[in-house]
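Residues in the sequence shown are numbered consecutively from 34, following the numbering used here.
Note that the Cβ used here is the ideal one computed from N, Cα and C, for glycine as well.
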Amino acid sequence: MQIGSYHLKNNLIVAPMAGVTDRPFRTLCKYFGAGHAVSEMMTSDQTLRMNKKSLYRANFDGEIAPISAQIAGSDPIKMAEAARYQVANGAQIVDINMGCPAKKVCNKLAGSALLQNEDLVAQILDAVVNAVNVPVTLKTRLGFCNAEQNILRVAKRAEQAGIAALAIHGRTREDMYTGSARYPLIAQVKQQINIPVIANGDIDSPQKAKFVLEQTGADAIMIGRAAQGRPWIFREIGHFLATGQILPAPDILEVKTVLLEHLNELYEFYGEYSGCRIARKHIAWYTKGLRGSNEFRQAMYQVESTHKQAQVVSQYFDQLLEQGERLQYSEAVNLLQGY
Ligand SMILES: Cc1cc2nc3c(=O)[nH]c(=O)nc-3n(C[C@H](O)[C@H](O)[C@H](O)COP(=O)(O)O)c2cc1C
34 MQIGSYHLKN NLIVAPMAGV TDRPFRTLCK YFGAGHAVSE MMTSDQTLRM
84 NKKSLYRANF DGEIAPISAQ IAGSDPIKMA EAARYQVANG AQIVDINMGC
134 PAKKVCNKLA GSALLQNEDL VAQILDAVVN AVNVPVTLKT RLGFCNAEQN
184 ILRVAKRAEQ AGIAALAIHG RTREDMYTGS ARYPLIAQVK QQINIPVIAN
234 GDIDSPQKAK FVLEQTGADA IMIGRAAQGR PWIFREIGHF LATGQILPAP
284 DILEVKTVLL EHLNELYEFY GEYSGCRIAR KHIAWYTKGL RGSNEFRQAM
334 YQVESTHKQA QVVSQYFDQL LEQGERLQYS EAVNLLQGY
């Protein structure tokens, strides 16, 4: 998988997720075999650049190359400027967000709302590509509404603008996250353009990864929600694609070790106050479905210090180890039955 001059080690990509795919999480996914990761979206609004959230999102210190910074906005001039800023800040790839369905973003006519205005899409693509000397990628959806799924036109225009790779989430803005991701249009895009296409949406198991690659003919796949609390999904998918064998789920000791290491990275990155709070959702994801996890989470949410938080996590896992608890993934098979 190639993005401009960057040859990725494989075709498994971490989807950008605001509030989730910060530097510690991207690093962890890359450790487990993801070939590439895209940052959380960053607004092109300069006035917000120095706020705390933006500074965390723009922190790429020590990140494994290539570093991809995602920008969101609707003004071509501001988007071009934001791209230059991110490159000066260390980005080696700039990714344009035209997929976010959030009201906060769409009300400003950014994210997936842009798909309603193809002229503006073209202006933004041209402006950003011309602003920087690094590859520019685009992440988008099938269209804004289901009656007007214009991804084929958008994809061709992206290719013409010099976009280096195109990631498509197989839903429209109208769908938000409802229903299932649809792949046939992604397959059509792949057939009609000559830049790498990345398929995204509902990939949550090694089998589904293979299925989507086969159905779409895409060059790569992008995984978001299924990696929450399961960063080793990249190892599982990589192994399955290479060998056809399903790896056993990690044992509880490995989950404990990975989670505690993840927590340490979060504490170091965000500091005591935010570190403790941001870690909570990750702990909830890692422990989902495990024995006694509802009660554990209720208690864990009350803890206000990082030291104590790591301690209760550690104790909970020790208890699971004593009980011989195991992780199980049954959803993969169930999900495939829908096809
Ligand atoms: C919590 C959350 C935050 C997201 N933030 C972004 C974002 O910042 N930029 C973006 O392009 N997409 C964002 N997305 C969309 C994902 O990148 C991805 O397209 C979507 O979740 C579908 O993939 P999945 O089914 O593998 O999760 C976000 C999704 C979630 C669930």
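Counting along the chain, the unbroken alpha helix (DSSP H) around M333 starts and ends at 326–335.
With contact defined as three or more Cβ pairs closer than 8 Å, the region 66–76 and the region 44–55 are in contact. If the five residues before and after L286 are omitted, its C-beta is found closer than 7 Å to the C-beta atoms of L354, all from its own chain and listed in chain order.
For A275, no beta strand (DSSP E) segment is defined; the enclosing uninterrupted segment is the alpha helix (DSSP H) at 266–276.
Exclusion of M209 from the 7 Å shell around ligand 1 follows from its C-beta lying no nearer than that to any non-hydrogen atom of the ligand. The distance from the Cβ of I236 to that of I219 is about 12 Å, inconsistent with a contact at the 8 Å cut-off. V222 and L246 do not touch by the CB rule: their CB atoms are close to 14 Å apart, not below 8 Å. Counting of Cβ neighbours within 10 angstroms places Q119 among the buried residues, the total reaching 16 or more. For the region 46–119, the full-length beta strand (DSSP E) segments reaching 3 residues or more read 69–76, 101–105 along the chain.
In this structure, DSSP gives I201 an extended state, which the three-state scheme calls strand. Checking the DSSP bridge columns, you'll see D351 has no partner listed. The DSSP-derived three-state label of I311 is helix.
Distances between the C-beta of K86 and the heavy atoms of ligand 1 are all 7 Å or more. Under DSSP, D128 forms a beta bridge with Q103, T170. The alpha-carbon separation between V346 and E269 amounts to approximately 24 Å. Ranked by Cα distance from S72, the first of L81, N84, T80, A98 is A98. If you look at A232, you'll find it in the beta strand (DSSP E) that goes 230–233. For C309, the shortest C-beta to heavy atom distance toward ligand 1 is 7 Å or greater. Put simply, the residues with a CB less than 6 Å from any heavy atom of ligand 1 are A48, P49, M50, A51, G52, V53, E73, M74, Q103, N130, G132, C133, K172, H202, N233, G234, D235, I236, I256, G257, R258, A259, in chain order.
The secondary-structure analysis by DSSP pairs E181 across a beta bridge with C178. The three-state secondary structure of A253, taken from DSSP, is strand. Check the Cα spacing between S307 and each of G277, T339, Q182: the tightest is with T339. A residue is called buried when at least 16 other Cβ atoms come within 10 angstroms of its Cβ; H315 meets this threshold and is buried. In terms of Cα proximity to A116, the closest of N233, F244, V161 is V161.
Straight-line measurement puts the Cα of A143 at about 10 Å from the Cα of N150.
T170 places its beta carbon less than 8 Å from that of A198. Where A220 is concerned, the enclosing alpha helix (DSSP H) starts and stops at 217–225. Remark: C-beta atoms of A200 and A155 do not approach each other more closely than 8 Å. The closest CA to that of V336, considering only L175, D55, R313, H202, is found on R313.
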